[in-house]
Amino acid sequence: MARGSVLYTLATHTSGRGNVMADLVLGDLIAHCGQGQRGAGIYEGSRGMRATAAWLLLLPLPHPQLSPAAWPQASSRLSRSQGRGSSQRWSQPISARQSERQHSPSGTAELTAVSAWRGSMAMSPLLYYALPALGSYVVISMFFLRRPHLLHTPWVPAFFPRLGAHRGGSGERLENTMEAMENSVAQRADLLELDCQLTRDGVVVVSHDENLSRQSGVNRDVGSLDFEELPLYKEELEVYFSPGHFAHGSDRHMTCLEDVFQRFPRMPMSLEVKGENVELIHKIAGLVRRFDRCEITIWASEKSSIMKKCRAANPEMPFSFTISRGFRLLLLYYLGLLPFIPIPERFLICFLPTIINRTYFPFSSPGLNQLAAVLSKWFIMRKSLIQHLEQRGVQVIFWCLNEESDFEVAFSLGATGVMTDYPTALRRYLDNQRAAARAS
8 MARGSVLYTL ATHTSGRGNV MADLVLGDLI AHCGQGQRGA GIYEGSRGMR
58 ATAAWLLLLP LPHPQLSPAA WPQASSRLSR SQGRGSSQRW SQPISARQSE
108 RQHSPSGTAE LTAVSAWRGS MAMSPLLYYA LPALGSYVVI SMFFLRRPHL
158 LHTPWVPAFF PRLGAHRGGS GERLENTMEA MENSVAQRAD LLELDCQLTR
208 DGVVVVSHDE NLSRQSGVNR DVGSLDFEEL PLYKEELEVY FSPGHFAHGS
258 DRHMTCLEDV FQRFPRMPMS LEVKGENVEL IHKIAGLVRR FDRCEITIWA
308 SEKSSIMKKC RAANPEMPFS FTISRGFRLL LLYYLGLLPF IPIPERFLIC
358 FLPTIINRTY FPFSSPGLNQ LAAVLSKWFI MRKSLIQHLE QRGVQVIFWC
408 LNEESDFEVA FSLGATGVMT DYPTALRRYL DNQRAAARAS
């Protein structure tokens, strides 16, 4: 069937009262086809045609290029069925008929609407190509998001840390001390998270802060003292992620990383480097090689510039996402590009958004706190993202969680493990979950 006949069929099977706007639209269709007075006769002859024009206004599609051969037949049929009484009026030019309507308020408004409709018709051919392409892209992206093994060979981890001890287990013993680490190992921790600094005499020590004021009350930097000059920890230290809670311990000595490696030779560890200290980075890399623990020691840092130096010093060690790389990961995920992009990182160690209002989030207003918590929860806590990373061998660890409700949220999302200040509490939760699973 010719395209002109299609329009005729639509017109003769559409009922309803025409209006000025429909008249103008269909007149525009006819003018576009260059059919002159013959097209005008068809136009005037059918109220159904005017209703069809009104209906066409709702479709952002290009109007059909009507076949000239179809118009005589359509005109004859319409003349016989609807009559020729009003065709004389449409013998005048279309521009003149439009001018008549410009003198009425309703006509002016409808002319404006028609102009907008014409503009939408000019853009709509792009939709014929863009929408199918976009739809195909979304389908392909979702397919490979769920089946990344078809594009990438997953990394096989050397260990699976379910229980990570933050700062060695800083909620139950003084942070980063040998006593804290031994307590965590006794609770069957799978990973020790430690922070490293360098003394003036070149010893790598386990310390979260460069300045010792918070930890020991001495306003000196670690790098300004020899190892033997380092002060003792305070008798109690507040747990950073549990404000108001204090940890105690009999061991108040700072320990060096070499002693930690000797004491726990096969315990996986995450070593965070906070400063751009090349000497510190190379000394850590050398110690890891010396104790043959490249596969079970993770490079960690918030800054990509530091991570670049760490990877150069020892590329055999797995490493975690930096902050900027983490945001890039989220961007790729929401753009649908993540399934097609290589991921060199082996660990995603990130905060759980539900703990924002219980920590030191940088907003003083409770309203902003709540908004930030909701937005970050929506953007970060995506189960499909975590599942995709796990299938590619990237282990997801949420930190720093100290309450059972947070443990539940993290593992329900599919996280590999949790970093906590309280290894005893997390071990109790994991054991209870295992017992419940066996009972069921």
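Per the numbering used here, residue 8 is the first one in the sequence shown, and the count goes up by one each step. All residues carry an ideal CB built from backbone N, CA and C; glycine is no exception.
Coil, strand or helix - residue i by DSSP
i, result
"D202", "strand"
"E410", "coil"
"A140", "helix"
"F253", "strand"
"L66", "Unreliable placement is indicated for L66, whose pLDDT of 39 sits below 50; no coordinate value is reported for it."
"S391", "helix"
"M274", "coil"
"V163", "coil"
"E189", "helix"
"A432", "helix"
"E51", "Caution is warranted here: a pLDDT of 41 is assigned to E51, below 50, making its placement in the model unreliable, and no coordinate value can be reported."
Rounded straight-line distance, which links the Cα of residue j to that of residue i
i, j, result
"L396", "D233", "43 Å"
"D6", "A193", "Because the chain is modelled from 8 through 447, residue 6 falls outside the range shown and cannot be assessed."
"E309", "L201", "14 Å"
"T160", "A319", "23 Å"
"L134", "P360", "39 Å"
"E235", "A292", "23 Å"
"R441", "P275", "22 Å"
"S327", "Q398", "16 Å"
"L199", "A422", "17 Å"
"L433", "R207", "37 Å"
"L345", "L278", "27 Å"
"H260", "E186", "9 Å"
"N190", "I147", "49 Å"
"L219", "G142", "57 Å"
"D258", "T184", "7 Å"
"F405", "G424", "7 Å"
"C263", "G400", "32 Å"
"D428", "R270", "21 Å"
"P250", "L420", "26 Å"
"A165", "L237", "35 Å"
"G204", "A307", "One detail in the question is off: residue 204 reads as Gln in this sequence, not Gly. Their Cα atoms are separated by approximately 13 Å."
"L157", "L138", "26 Å"
"V280", "M324", "14 Å"
"V4", "E243", "Outside the displayed range of the chain (8 to 447) lies residue 4, so it cannot be described from this structure."
"P155", "L392", "11 Å"
"L65", "R353", "Any reading at L65 needs caution, since the residue's pLDDT is 39, under 50, leaving its predicted position unreliable; the model's value is listed next. Approximately 52 Å between the Cα atoms of the pair."
"I313", "G282", "7 Å"
"N439", "H255", "27 Å"
"P322", "G176", "28 Å"
"P272", "C301", "11 Å"
"R445", "F151", "34 Å"
"Y340", "I348", "10 Å"
"V145", "L342", "9 Å"
"C317", "P351", "14 Å"
"R227", "H252", "25 Å"
One or two residues paired with residue i in a DSSP bridge
i, result
"L244", "A254"
"V211", "L205"
"V403", "L355"
"G171", "L198 and M426"
"D228", "N218"
"E279", "D202 and A307"
Heavy atom of the ligand MN within 7 Å of residue i beta-carbon
i, result
"H260", "Ligands displayed in this structure: none; no statement on the ligand MN is therefore possible."
Runs of 3 residues minimum, wholly inside the region 284-345: which ones carry the beta strand (DSSP E) assignment?
DSSP runs (the beta strand (DSSP E)) wholly in the region 284-345: 304-307.
Would the region 204-224 count as touching the region 154-173 if we require 3 or more Cβ pairs under 8 Å?
no
Are at least three pairs of beta-carbons, each pair with one atom in the region 290-301 and one in the region 221-240, less than 8 Å apart?
No, they do not touch.
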